[in-house]
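Asker: Dropping the structure in here first, questions after.
Protein chains: 2
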Amino acid sequence: MRVLGVDPGLTRCGLGVVDKSGSQALTMVGVGVIRTSPDLALELRLLELEQGILEWVEKYQPDVIAVERVFSQLNVKTAMATGQAAGVALLIAARAGLPVVMHTPSEVKAAVTGSGRADKKQIAQMVQRLLRLSEIPKPVDSTDALALAICHHWRGGGDAKLATALAKEKARLTKARVSKVGLI
Amino acid sequence: MRVLGVDPGLTRCGLGVVDKSGSQALTMVGVGVIRTSPDLALELRLLELEQGILEWVEKYQPDVIAVERVFSQLNVKTAMATGQAAGVALLIAARAGLPVVMHTPSEVKAAVTGSGRADKKQIAQMVQRLLRLSEIPKPVDSTDALALAICHHWRGGGDAKLATALAKEKARLTKARVSKVGLI
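Chains as they are written, first to last, in the working numbering: chain G, 1 to 184; chain D, 1 to 184.
As structure tokens, then:
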């Protein structure tokens with residue numbers, strides 16, 4: 001199974017692709033970050049992000065997308081931008097009929113380090129170890145995206161086929177419902 | 001010029017289309033609301049909303065989209081959902097190369113009633129009067145969307161052609177830049 005982890009953000013959106021089949025070890029397939037310039041208008045930043053994530057989905061053909069659930073401890077402006085970036089990833093998944101799951105930062109920390117209160121450095125070291133990387137990927141957003149993908153493999157890996165079938169069915173029903181949306 | 005006003009929301013997203021050319025009076029062309037069920041997964045609600053707004057854009061072919069700027073006085077969960085709904089409208093505009101402008105609630109109130117602190121009822125009555133409607137559209141989200149469109153006509157109506165040209169150029173530049181996004 002192939003998981004695309006997305007650490008949402010407008011300035012930097014981390015992306016990490018991790019494979020695992022059966023009892024085999026985790027394998028990193030891709031890692032990187034999409035940046036959009038704060039000088040651009042918000043709608044163009046969202047468009048750049050959408051096109052960037054779409055390229056990753058097309059290139060890596062993930063079975064599942066795992067997105068970090070956004071939280072409120074950030075300031076409202078940052079939370080809003082992060083939420084909108086997460087929304088773009090959710091939309092892309094729904095359009096493609098791909099299952100998409102959100103994990104909280106503490107779920108990710110607990111899955112990767114065993115502790116829900118691990119710090120960034122500890123997470124990065126575990127990601128490096130679990131994926132047998134020669135160095136820690138930079139920036140931290142890309143490491144976080146890999147951690148998300150690992151978290152998903154370990155928490156919800158078993159039911160990928162079922163999840164895909166459900167997501168496709170849900171998308172089909174949604175399209176049927178949407179086609180009935182009335183216009184005045 | 002034709003403006004599509006969008007009062008963003010996931011449970012109810014208000015939409016209103018208002019025309020005005022030169023010194024002519026404002027004319028309502030369409031009004032309504034897109035609803036998505038709270039029982040659906042977030043990604044499917046965003047997808048329904050996207051498809052719904054797209055239908056409006058295709059049907060009414062607006063020159064500009066005006067979206068209400070989301071604020072922080074709501075609770076964080078509501079603000080996040082509203083922000084994501086606004087993000088969908090922004091994305092649709094950017095993809096289509098349509099100019100999109102955000103107006104704050106107090107700009108809308110001031111434009112329609114003359115006071116930035118008008119209440120909902122006062123706004124609804126002015127919308128009804130300005131558009132010469134036999135009754136006030138329901139629910140309030142649809143009236144708010146009409147108020148947004150009216151606000152846009154009055155605040156930024158003159159430069160529609162320029163705005164369209166700029167938006168198209170920006171979208172073109174963005175596409176050029178996006179095509180260079182590197183994948184590892």
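Ideal placement from N, C-alpha and C gives every residue a C-beta, glycine not left out.
Values in this document were obtained by computation on a predicted structure and should not be read as measured data.
Is the beta carbon of D/I187 less than 8 Å from the beta carbon of D/V6?
Answerer: Here chain D has residues from 1 to 184 only, and residue 187 of chain D is not among them.
Asker: Look at the alpha carbon of G/L98 and the alpha carbon of G/V76, and state the distance between them as a whole number of angstroms.
Answerer: On the first sequence, residue 98 of chain G is found 98 positions in, with the first residue counted as 1. On the first sequence, residue 76 of chain G is found 76 positions in, with the first residue counted as 1. Answer to the nearest angstrom: the Cα atoms are 29 Å apart.
Asker: If we cut at 8 Å on Cβ distances, does D/G158 have a partner in chain G?
Answerer: In the second sequence, residue 158 of chain D corresponds to position 158, counting from 1. Note that D/G158 scores 49 on pLDDT, short of 50, meaning its location in the model is unreliable and no value can be drawn from it.
Asker: Go ahead and pull the three-state DSSP assignment for D/L186.
Answerer: Outside the shown range of chain D (1 to 184) lies residue 186 of chain D, about which nothing can therefore be said.
Asker: Please name the residue, chosen from G/V88, G/M28, G/W56, that lies closest to G/E186 on a Cα-to-Cα basis.
Answerer: As shown, chain G starts at 1 and ends at 184. That puts residue 186 of chain G outside it, with no answer to give.
Asker: Leaving out five residues before and five after G/V112 in sequence, what residues of the same chain have Cβ atoms less than 8 Å from its Cβ?
Answerer: Along the first sequence, one-based indexing puts residue 112 of chain G at 112. A118, I123, M126, V127, L130, A147, I150, C151.
Asker: Can you tell which of D/V67, D/K59, D/S106 has the C-alpha that lies nearest to the C-alpha of D/T82?
Answerer: Mapped onto the second sequence, residue 82 of chain D falls at position 82. Minimum Cα distance to D/T82 is reached at D/V67.
Asker: Name the chain G residues that come within less than 8 Å of D/L4, Cβ to Cβ?
Answerer: Position 4 of the second sequence holds residue 4 of chain D. Going along chain G, no residue has its Cβ under 8 Å from D/L4, so there is no contact; the nearest lies around 12 Å.
Asker: Can you tell which of G/H103, G/E50, G/V33, G/D141 has its C-alpha closest to the C-alpha of G/A96?
Answerer: Here residue 96 of chain G refers to the residue found at position 96 when the first sequence is read from its first residue. Comparing Cα-Cα distances from G/A96 to each of G/H103, G/E50, G/V33, G/D141, the minimum goes to G/E50.
Asker: Buried or exposed for D/D39, please, with buried defined as at least 16 other CB atoms from any protein chain shown within 10 angstroms of its CB.
Answerer: In the second sequence, counting from the first residue as 1, residue 39 of chain D sits at position 39. Exposed, because fewer than 16 other Cβ atoms sit within 10 Å of the Cβ of D/D39.
Asker: The ligand FAD and D/L131: does any heavy atom of the ligand fall closer than 7 Å to the residue's C-beta?
Answerer: For the structure depicted, the ligand FAD is absent and the ligand set is empty, with no information on it obtainable.
Asker: So G/H153 and G/V18 are in contact, right, with Cβ under 8 Å, and what is the actual spacing, rounded?
Answerer: Here residue 153 of chain G corresponds to residue number 153 of the first sequence, with the count starting at 1. Here residue 18 of chain G corresponds to residue number 18 of the first sequence, with the count starting at 1. Indeed, because the Cβ distance is near 6 Å, the residues count as touching under 8 Å.
Asker: Count the other C-beta atoms from every protein chain shown that fall within 10 angstroms of the C-beta of G/A79, then say buried if there are 16 or more, exposed otherwise.
Answerer: For the purposes of this step, residue 79 of chain G is taken as the residue at position 79 of the first sequence. Per the 10 Å Cβ criterion, buried.
Asker: Looking only at its chain, what residues have a beta carbon closer than 8 Å to the beta carbon of G/D141, apart from the 5 residues adjacent to it on each side?
Answerer: Here residue 141 of chain G refers to the residue found at position 141 when the first sequence is read from its first residue. Answer for G/D141: D7, G9, R12, C13, G14, V33, listed in chain order.
Asker: Closer than 8 Å, CB to CB, is G/I184 near chain D or not?
Answerer: The count along the first sequence starts at 1 and reaches residue 184 of chain G at position 184. For G/I184, the predicted structure reports a pLDDT of 38, less than 50, and the residue's modelled location is therefore unreliable. The matter cannot be settled from this model.
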